[in-house]
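The sequence shown begins at 1 in the UniProt record's numbering and counts up one residue at a time. Just so it is clear, CB atoms sit at the ideal spot from N, CA and C, and this is done for glycine as well. Reviewing the structure listed below.
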Amino acid sequence: MKRTGIAGLGLAALLLAGAAAWWWQQADGNGEPEYRTAPIGRGDIVSTVSASGTINPVGSVSVGSQISGQLRQVLADFNDEVRAGQVLARIDPETFRHRLAQAEADLVATRAQVAVQQAQIEARRAELARIDVNLDESRRDLARKRDLAERGFISPAESEKAASLVRAQEQELSAGRAAIEVAIAQRRNTEAVVRQREAAVAAARVDLDRTVIRSPVDGVVIKRSVDAGQTVAASLQAPELFVIARNLRDMQVDTSIDETDIGRIEVGQKASFTVDAYPGRRFDGKVSQLRMAATNVQNVITYNVIVTFSNAEGLLLPGMTANVRIVSERREDVLTVPNAALRLRIAGLTDRAEAPMDAPAGQAAQAGDQGAQSAGQGARAQAGGGGSPPGSASERGRPGRLWLLEGGEPRAIEVRVGLGDGTSTEVAAPGLAEGQQVIVGVAPSGARGRRELRMFR
Numbered sequence: 001m002k003r004t005g006i007a008g009l010g011l012a013a014l015l016l017a018g019a020a021a022w023w024w025q026q027a028d029g030n031g032e033p034e035y036r037t038a039p040i041g042r043g044d045i046v047s048t049v050s051a052s053g054t055i056n057p058v059g060s061v062s063v064g065s066q067i068s069g070q071l072r073q074v075l076a077d078f079n080d081e082v083r084a085g086q087v088l089a090r091i092d093p094e095t096f097r098h099r100l101a102q103a104e105a106d107l108v109a110t111r112a113q114v115a116v117q118q119a120q121i122e123a124r125r126a127e128l129a130r131i132d133v134n135l136d137e138s139r140r141d142l143a144r145k146r147d148l149a150e151r152g153f154i155s156p157a158e159s160e161k162a163a164s165l166v167r168a169q170e171q172e173l174s175a176g177r178a179a180i181e182v183a184i185a186q187r188r189n190t191e192a193v194v195r196q197r198e199a200a201v202a203a204a205r206v207d208l209d210r211t212v213i214r215s216p217v218d219g220v221v222i223k224r225s226v227d228a229g230q231t232v233a234a235s236l237q238a239p240e241l242f243v244i245a246r247n248l249r250d251m252q253v254d255t256s257i258d259e260t261d262i263g264r265i266e267v268g269q270k271a272s273f274t275v276d277a278y279p280g281r282r283f284d285g286k287v288s289q290l291r292m293a294a295t296n297v298q299n300v301i302t303y304n305v306i307v308t309f310s311n312a313e314g315l316l317l318p319g320m321t322a323n324v325r326i327v328s329e330r331r332e333d334v335l336t337v338p339n340a341a342l343r344l345r346i347a348g349l350t351d352r353a354e355a356p357m358d359a360p361a362g363q364a365a366q367a368g369d370q371g372a373q374s375a376g377q378g379a380r381a382q383a384g385g386g387g388s389p390p391g392s393a394s395e396r397g398r399p400g401r402l403w404l405l406e407g408g409e410p411r412a413i414e415v416r417v418g419l420g421d422g423t424s425t426e427v428a429a430p431g432l433a434e435g436q437q438v439i440v441g442v443a444p445s446g447a448r449g450r451r452e453l454r455m456f457r
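So this is what it looks like as structure tokens:
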């Protein structure tokens, strides 16, 4: 009896398991597919380009020192508002005062040397005039003695002596003139040295004036790199002492845009951005500049795009990271559908919808029968494969396909794809209207039965 009871229980269990398996197969194979739908909407589509960037002043000036020395005073600090010409720091001027005094003394000495040389020239000219007078007198005496010698009143030796005196005075006159030319050249050389000394004095005065570091512009000190007592060295390049932002009320975001998106960017486009310091708050700006110089980092090409904005409240500070969205295109009052509706492919039905219109009747009928059979056995939804998303620049203007749910059955309709924002896409087609239900997904056939079975259990 026990064996008969155990066998009966085993047989009943097998029958129950077989019935459950048959019911599961029937529910999985013959159930109607469930379509997930969404209504066609109407509204605005905004296409944006996203990037991150850094907030900077529109203009900033690095204030340095053109001379080396020890800082005696630092008169400006972080966040100080300064005016053009305002003293920011002072370098110890003693060394430069001594250099100026030495240059001025050298100039005075050189000018005195010019005066001495000029006096010597005047003395030589006076001596030359005296020689010239004596030469005239000697020439007259020579003429008289030659006449007397010819008449026999004096000896020829006397006449020859007078001629020798004339020749000596002529040579002395030539030498005097040459000496004057040399003296004039020396004076000119010394005058050139005077001009050099004057330039040295001017340079020393400039260096002395440079010991006072002044602000070149109106603005705000956003960086101070030195302290009093520190030595600055300007041997190769001017060291940076301060950085002054011209204006913190008008600022900019320096962003890097990938080369694939740069064609969508134009000067004047609206932009918005957020910063971590003020979560949930959005700041508005506009594209003011697209810089043509590319940046190549590991073969990734980007371009610098400048977004300017008003910082009237003074909330945003230089160096903050901004997450920027640039509005590249906008469509208003258009029909929109979720991107999933354009990616949807229904097994069997999609193949039939894509069959050529001029296919032979037999092939078309066969395709229809196969599609109906596939739909009856179980509908499957597949998202579109890889490639550009609907509404992207490469897909815009191309034909697309939507599946409308009418009377519980899907119907394909060809549409023209427009602008997309990454979630929804603009579509247009004759007869398409707001509120129509488009299929965005299909639950596998029999899913309802499996849910009921789980509930039954």
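Quick check on residue i: buried or exposed, where buried means 16 or more other Cβ atoms within 10 Å of its Cβ?
i	result
E426	buried
S164	exposed
Q69	For the record, residue 69 in the displayed sequence is Gly; it is not Gln. Buried, since its Cβ has 16 or more Cβ neighbours within 10 Å.
Y35	buried
F153	exposed
K145	buried
V201	buried
S235	exposed
A175	exposed
S155	exposed
T336	buried
A365	At A365, the pLDDT of 34 sits below 50, so the modelled position is not reliable and the matter cannot be decided from this model.
residue 458	The chain is shown only over 1 to 457; residue 458 falls outside these bounds and no answer can be derived.
I think residue i touches residue j, with their Cβ atoms under 8 angstroms apart; what is that distance to the nearest whole Å?
i	j	result
R42	D333	7 angstroms
N299	S424	Their Cβ separation, rounded to whole angstroms, is 34 angstroms, which puts N299 and S424 out of contact at 8 angstroms.
S65	I213	6 angstroms
T110	V194	5 angstroms
V440	P33	Their Cβ separation, rounded to whole angstroms, is 14 angstroms, which puts V440 and P33 out of contact at 8 angstroms.
R197	A103	7 angstroms
K223	V243	4 angstroms
L342	L405	So it is not a contact: roughly 15 angstroms between Cβ atoms.
V417	Q252	Actually they are not in contact, since the Cβ atoms of V417 and Q252 sit about 36 angstroms apart, beyond 8 angstroms.
G435	V415	The pair is not a contact, with the Cβ atoms about 16 angstroms apart (cut-off 8 angstroms).
R114	E191	The question names Arg, yet the displayed sequence has Val at residue 114. Their Cβ separation, rounded to whole angstroms, is 6 angstroms, which keeps V114 and E191 in contact under 8 angstroms.
I413	A429	6 angstroms
Taking C-alpha atoms, which residue in the options lies nearest to residue i?
i	options	result
A129	E104, R151 and R177	R177
S288	V108, A294, Q269 and N296	Q269
A89	N189, P216 and I45	P216
D209	A105, E181 and P93	P93
A238	G431, G85 and S62	S62
V275	N323, S225, S235 and D132	N323
Q169	E137, G319 and E158	E137
V182	E409, R398, P156 and Q118	Q118
S60	F273, V327, L335 and A245	A245
T321	N296, T295, A76 and F283	F283
G229	N189, R125 and I91	I91
F78	G407, A429, L317 and T336	L317
P410	R345, E122 and A277	R345
Q437	G408, A428 and P430	G408
R125	L432, R281, G263 and I184	I184
N296	F273, A433, S256 and L107	S256
Q86	A123, D218 and A115	D218
Short of 6 angstroms in beta carbon distance, which residues of its chain neighbour residue i, apart from the five on each side in sequence? Order them along the chain.
i	result
R99	A204
S50	R325
E329	S47 and L419
D421	I45, V46 and S47
T260	none
L142	A162, A163 and V166
V133	none
L148	I154
Per DSSP, residue i is paired with what?
i	result
G420	T425
P39	Q437
T308	Q252 and K286
K270	K286
E81	V220
Q70	T231
P57	M251
Y303	I257 and A294
P410	L405
G400	V415
E240	G64
Can you list, in chain order, the residues of its chain whose CB lies under 8 angstroms from that of residue i, leaving out five sequence neighbours each side?
i	result
D227	L71 and V74
R249	S310, N311, A312 and G314
K286	G268, Q269, K270, A271, V307, T308 and F309
G319	T54, I55 and N56
L241	V63, G64, S65, L88, A89, I213, R224, S225, V226 and V232
Who are the near neighbours of residue i in its chain, counting only those whose CB is closer than 7 angstroms to its CB and skipping five residues on each side?
i	result
R139	V166
D254	G53, T54, N56, N304 and I306
L290	I265, V267, Y303 and V305
I131	Q169, E172, L173 and G176
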